[in-house]
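The sequence shown runs 1 to 946 under our numbering.
Note that beta-carbon positions come from the ideal geometry of N, C-alpha and C, so glycine has one too.
Each remark here refers to the structure printed beneath this line.
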Amino acid sequence: MNDKNALEGGRISVLGARVHNLKNIDVEIPRNKLTVITGMSGSGKSSLAFDTIFAEGQRRYVETFSAYARNFLGNMERPDVDKITGLSPVISIEQKTTNKNPRSTVGTTTEIYDFFRLLYARAGEAYSYLSGEKMVKYTEEQVLDLILEHYEGKKTYLLAPLVRNRKGHYKELFEQVRKKGYLTVRVDGEIKEIFHGMKLDRYKMHSIEVVIDKMVVSASDERRLKESLRTAMKQGDGLVMLLDADTDELRHYSRRLMDPATGLSYSEPAPHNFSFNSPQGACPKCKGLGQVNLLDMEKIVPDPSLSIYNGGIVALGKYKNSLIFWQIEALCEKHGVTIKTPIKDIPAEAIDEIMNGTDERLQIKNESLGSSNYFLSYEGVAKYILMQQESEASASAQKWAGQFIKMTTCPECNGQRLNKEALHYRIADKNIAEISSYDISELYDWLDGIEDRLDQKQKQIAIEILKEIRSRLKFLLDVGLDYLSLNRASASLSGGESQRIRLATQIGSQLVNVLYILDEPSIGLHQRDNVRLINSLKELRDTGNSVVVVEHDKDMMLNADYVIDMGPKAGRLGGEVVYEGTPQEMLKVNTLTSAYLNGETEITIPTERRKGNGKFITIKGASGNNLKNVNATFPLGTLICVTGVSGSGKSTLINRTLQPILSQHFYRSLEDPLPYKSIEGIDNVDKIVNVDQSPIGRSPRSNPATYTGVFSDIRNLFVDLPESKVRGYKPGRFSFNVSGGRCETCKGNGYKTIEMNFLPDVLVPCEDCHGKRYNRETLEVRFRGKSIADVLDMTINMAVEFFENIPTILSKIKVLQDVGLGYIKLGQPSTTLSGGESQRVKLATELAKKDTGNTLYVLDEPTTGLHFEDIRVLLGVLNKLVEKGNTIIVIEHNLDVIKCADYLIDMGPEGGRKGGQVLFTGTPEEMVKKKTKSYTAPFLKEELKK
Numbered sequence: 001m002n003d004k005n006a007l008e009g010g011r012i013s014v015l016g017a018r019v020h021n022l023k024n025i026d027v028e029i030p031r032n033k034l035t036v037i038t039g040m041s042g043s044g045k046s047s048l049a050f051d052t053i054f055a056e057g058q059r060r061y062v063e064t065f066s067a068y069a070r071n072f073l074g075n076m077e078r079p080d081v082d083k084i085t086g087l088s089p090v091i092s093i094e095q096k097t098t099n100k101n102p103r104s105t106v107g108t109t110t111e112i113y114d115f116f117r118l119l120y121a122r123a124g125e126a127y128s129y130l131s132g133e134k135m136v137k138y139t140e141e142q143v144l145d146l147i148l149e150h151y152e153g154k155k156t157y158l159l160a161p162l163v164r165n166r167k168g169h170y171k172e173l174f175e176q177v178r179k180k181g182y183l184t185v186r187v188d189g190e191i192k193e194i195f196h197g198m199k200l201d202r203y204k205m206h207s208i209e210v211v212i213d214k215m216v217v218s219a220s221d222e223r224r225l226k227e228s229l230r231t232a233m234k235q236g237d238g239l240v241m242l243l244d245a246d247t248d249e250l251r252h253y254s255r256r257l258m259d260p261a262t263g264l265s266y267s268e269p270a271p272h273n274f275s276f277n278s279p280q281g282a283c284p285k286c287k288g289l290g291q292v293n294l295l296d297m298e299k300i301v302p303d304p305s306l307s308i309y310n311g312g313i314v315a316l317g318k319y320k321n322s323l324i325f326w327q328i329e330a331l332c333e334k335h336g337v338t339i340k341t342p343i344k345d346i347p348a349e350a351i352d353e354i355m356n357g358t359d360e361r362l363q364i365k366n367e368s369l370g371s372s373n374y375f376l377s378y379e380g381v382a383k384y385i386l387m388q389q390e391s392e393a394s395a396s397a398q399k400w401a402g403q404f405i406k407m408t409t410c411p412e413c414n415g416q417r418l419n420k421e422a423l424h425y426r427i428a429d430k431n432i433a434e435i436s437s438y439d440i441s442e443l444y445d446w447l448d449g450i451e452d453r454l455d456q457k458q459k460q461i462a463i464e465i466l467k468e469i470r471s472r473l474k475f476l477l478d479v480g481l482d483y484l485s486l487n488r489a490s491a492s493l494s495g496g497e498s499q500r501i502r503l504a505t506q507i508g509s510q511l512v513n514v515l516y517i518l519d520e521p522s523i524g525l526h527q528r529d530n531v532r533l534i535n536s537l538k539e540l541r542d543t544g545n546s547v548v549v550v551e552h553d554k555d556m557m558l559n560a561d562y563v564i565d566m567g568p569k570a571g572r573l574g575g576e577v578v579y580e581g582t583p584q585e586m587l588k589v590n591t592l593t594s595a596y597l598n599g600e601t602e603i604t605i606p607t608e609r610r611k612g613n614g615k616f617i618t619i620k621g622a623s624g625n626n627l628k629n630v631n632a633t634f635p636l637g638t639l640i641c642v643t644g645v646s647g648s649g650k651s652t653l654i655n656r657t658l659q660p661i662l663s664q665h666f667y668r669s670l671e672d673p674l675p676y677k678s679i680e681g682i683d684n685v686d687k688i689v690n691v692d693q694s695p696i697g698r699s700p701r702s703n704p705a706t707y708t709g710v711f712s713d714i715r716n717l718f719v720d721l722p723e724s725k726v727r728g729y730k731p732g733r734f735s736f737n738v739s740g741g742r743c744e745t746c747k748g749n750g751y752k753t754i755e756m757n758f759l760p761d762v763l764v765p766c767e768d769c770h771g772k773r774y775n776r777e778t779l780e781v782r783f784r785g786k787s788i789a790d791v792l793d794m795t796i797n798m799a800v801e802f803f804e805n806i807p808t809i810l811s812k813i814k815v816l817q818d819v820g821l822g823y824i825k826l827g828q829p830s831t832t833l834s835g836g837e838s839q840r841v842k843l844a845t846e847l848a849k850k851d852t853g854n855t856l857y858v859l860d861e862p863t864t865g866l867h868f869e870d871i872r873v874l875l876g877v878l879n880k881l882v883e884k885g886n887t888i889i890v891i892e893h894n895l896d897v898i899k900c901a902d903y904l905i906d907m908g909p910e911g912g913r914k915g916g917q918v919l920f921t922g923t924p925e926e927m928v929k930k931k932t933k934s935y936t937a938p939f940l941k942e943e944l945k946k
């Protein structure tokens, strides 16, 4: 079948796909439909969707380029598939968070902020940041009319400003003015004649205006006034001043925006003046970041009763015979105290000089120097600490300095990122930073009917821009992101939120005949918002696109046009198509997924809820982000689930408040918790473990074997083999990170990186070791017929069988199998693991350690990327931990986890500003009986009925 027939037949045909664990499968995907690919973790869903279909679509796109362009791109590898027909241009929308750059926000990512910058530059009204008055600008004709109207018959000086509040002697300036034929200037408010060699005090601030004309204003002498005014405008760069000679009253007139009361003028606004990523718009103090590093005096001087000599300044330590202490001694002496005086008794002025330095010459008296010496400008403790924070400093120096520094809101712009000028442009009485802080839903409402608040000229300019802004905001609302604001940092978004932002952007692009492939877009989304997401995907389909979604969500599957179920199990036992067809037909067949969908198999609800060990942790007055002075109690020895719609404050309460408090208490963590009043019961636990979805390593050299520590045991096993002993091999021989046993051509990477200049780097297998990472001699050492490279290439399931008689290795890898990761390879690069897989590797590593029976585990959406069967396995592992006396707090939307919890804390009622309250605490049964504003309760009620 050729591509033309495939298009007419309305399907994408994949024939003979063998990528990763796919077993030579054939599959057909209907075009212009919503197709869900489901199955257990590791069953081959992503291999089919991303590594086969998307990779081939991308390769074909690159092949349309000229040979010259392909020269730069290199040849993209063809996926291991016989044939794919009917393929449209492909766009992949994956889970990876958009940007870790602190300058990237929701507004810049969606480009909505760019439209607002344009709107404010073209239709904004400027106000003076000095007087608050509305800024005005005049043409020469208007200035002429105003002068004739207000100064008829009065004796005046027409001035052109040259210097405004700047230091300097200005000798050359006066000489230039004199050569142009002007005789008089106004210096610091005083009229003076220019003389040869005239200059000012260079260390004082000066304002200088040249007197262009001295005249009595008269309508009959309009021509002279007009000529003088034109000259003044030219000399003053568009700004002129008129001084009443009798009253000394001064008025300003400008072709540019100007405050008539103070003479403050703004340059003509352009979109970059409202960008915090541009020097023209950014706040000069924080450079557009909204936050600055400030020294935390409480950490530098924790105990003011100590003296500097005894180590009162922690950053300096106890007295040493060194220059900085000699200088501090001299400073103390100057203020009438000594270095042995308690810090609380040293005058504030002296402390300020010790911390921030002084330009004064200090007389140093120290026996080591033999005689008195003078040292210039002591720079202070603060400068020394801040210098260690700079990028040139070593990592250890940066970490050391970090303990004395706290990130705080910029005092100049109050976190609004922009300079004073940009913040004083308004539309309908709001500046651009204020509207950026609104939730998307609030912003959409604010824009409703805004045209009525604009004048005719503004309305004409704004109409097209507002149309674009509204349509983009509508798409964000449609995918359930109404609680975000434009100024929300991209780095703080979850994978699901980032993916839905990109989805909204794609809906807005209005492309047709495109194949979209999405990776679990429902991550982090409450059941309430699932309907909106599904409708958005249907809208994408209805505009003439094919949508393929890799997904485990029940609602998504039942609303799809077509379902492809991969399996039957994971890894080697997966890679087959166990069902393809409509969701309705799927309910009648016998697969693992259909069994959960039609209710034959289910995750059972516990017969009784654990009451806990009678001890609690209680946090009071939590008010970070959108939390409204929240009090929350966590019963220990239970499985606690924190629920609520997206943006309701779950992560703020647990990840940003509770967890940092405990981490600081147990591990002296440097992360400060968000504001709270008090915490009780902190001594009822002795350890906190945060199992998040961040990568287990940032380089491909990191893998599950190295992260869990089992690789050390495997290397030791190889070292103990007779062949190794004969050759004198040590553990380093079997490491791919040190020279000796690794392949030196690729330095143990297994591939070589080809740099592509302005394009992403391309990875090609090493021509010497063919991806095995080790040299020939190392690979000759074998255990039960397998080399160290063969072991790294094993899946966890294979490794469990292989090492069944070696307890030290088996205990660590068995836990990986228990958490459902049997399908991943021991040496799989950490960069290829999903967020959910990384989280389970961390969980397995913690399970392999000896637990205290009094540990608090925090998990954020552990069901990401998990099939119903995987969730059942995960719940079994979590319950084992709780049975041993530990406590688990899970932030979750998945109803299978919520219904199995012992205790629920439901946040809401909405997301963003309308959230941040605790709506309910108690068991799932109590929740469905109690009347609350909770959106979780109705969905949970249906689940408990089943």
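Contact belief for residue i with residue j at Cβ below 8 Å, rounded distance in angstroms
| i | j | result |
| --- | --- | --- |
| E943 | K899 | 5 Å |
| N513 | N559 | Not really, about 23 Å apart at Cβ, beyond 8 Å. |
| G741 | S43 | Wrong, their Cβ atoms sit about 35 Å apart, outside the cutoff. |
| Q947 | A401 | In the structure as shown, the chain starts at 1 and stops at 946, and residue 947 therefore has no counterpart that could be examined. |
Beta strand (DSSP E) segment containing residue i, residue limits
| i | result |
| --- | --- |
| S43 | No beta strand (DSSP E) contains S43, which DSSP labels as neither H nor E. |
| M198 | Where M198 is concerned, there is no enclosing beta strand (DSSP E), given that its DSSP letter is neither H nor E. |
| Y516 | 515-519 |
| S394 | S394 -> no beta strand (DSSP E), and no H or E assigned at all. |
| P722 | Segment 722-727 is the alpha helix (DSSP H) holding P722; no beta strand (DSSP E) there. |
| R11 | 11-17 |
| D26 | 25-30 |
| I824 | Neither: I824 is in no beta strand (DSSP E) and is coded neither H nor E. |
| I905 | 903-908 |
With 16 other Cβ atoms within 10 Å as the buried cut-off, status of residue i
| i | result |
| --- | --- |
| E353 | buried |
| N414 | exposed |
| N775 | buried |
| F758 | The predicted position of F758 is uncertain, since its pLDDT is 48 and thus under 50; a value taken from the coordinates is nonetheless stated next. F758 should be labelled exposed. |
| N2 | Confidence is the limiting factor: at N2 the pLDDT is only 45, short of 50, which leaves the residue's position unreliable, though a coordinate-based value still follows. Exposed, because fewer than 16 other Cβ atoms sit within 10 Å of the Cβ of N2. |
| Y61 | exposed |
| T97 | Note on T97: pLDDT 48, under 50, position unreliable in the model; the coordinate value appears next. Buried, by the Cβ-count rule. |
| G153 | exposed |
| M241 | buried |
| G317 | exposed |
| L516 | According to the sequence provided, residue 516 is Tyr. The question's Leu does not apply to it. Its Cβ being crowded by 16 or more others within 10 Å, Y516 is buried. |
| V216 | exposed |
For residue i: DSSP bridge partner residues
| i | result |
| --- | --- |
| Y562 | T35 |
| P161 | E209 |
| F634 | I617 |
| T358 | Y378 |
| Y266 | L257 |
| H252 | M241 |
Element boundaries [alpha helix (DSSP H), containing residue i]
| i | result |
| --- | --- |
| L810 | 807-818 |
| D870 | 868-883 |
| M297 | 297-300 |
| Y151 | 140-151 |
| T965 | Past the edges of the chain, shown from 1 to 946, lies residue 965, and the structure says nothing about it. |
Residue i CB to nearest heavy atom of the ligand FMN below 7 Å
| i | result |
| --- | --- |
| L118 | Among the components modelled here there is no ligand, and therefore nothing to report on the ligand FMN. |
Secondary structure, beta strand (DSSP E): runs of 3+ residues fully inside the region 72-137:
Within the region 72-137, complete beta strand (DSSP E) segments of at least 3 residues are found at 81-85, 90-93, given in chain order.
I'd like the ranges of any beta strand (DSSP E) spanning at least 3 consecutive residues and lying wholly in the region 652-705. Segments of the beta strand (DSSP E) lying fully in the region 652-705: 678-680, 687-691.
Q | Ranges of the beta strand (DSSP E) found wholly within the region 562-597, counting only runs of at least 3 | A | Counting only runs of 3 or more, we get 562-567, 576-581.
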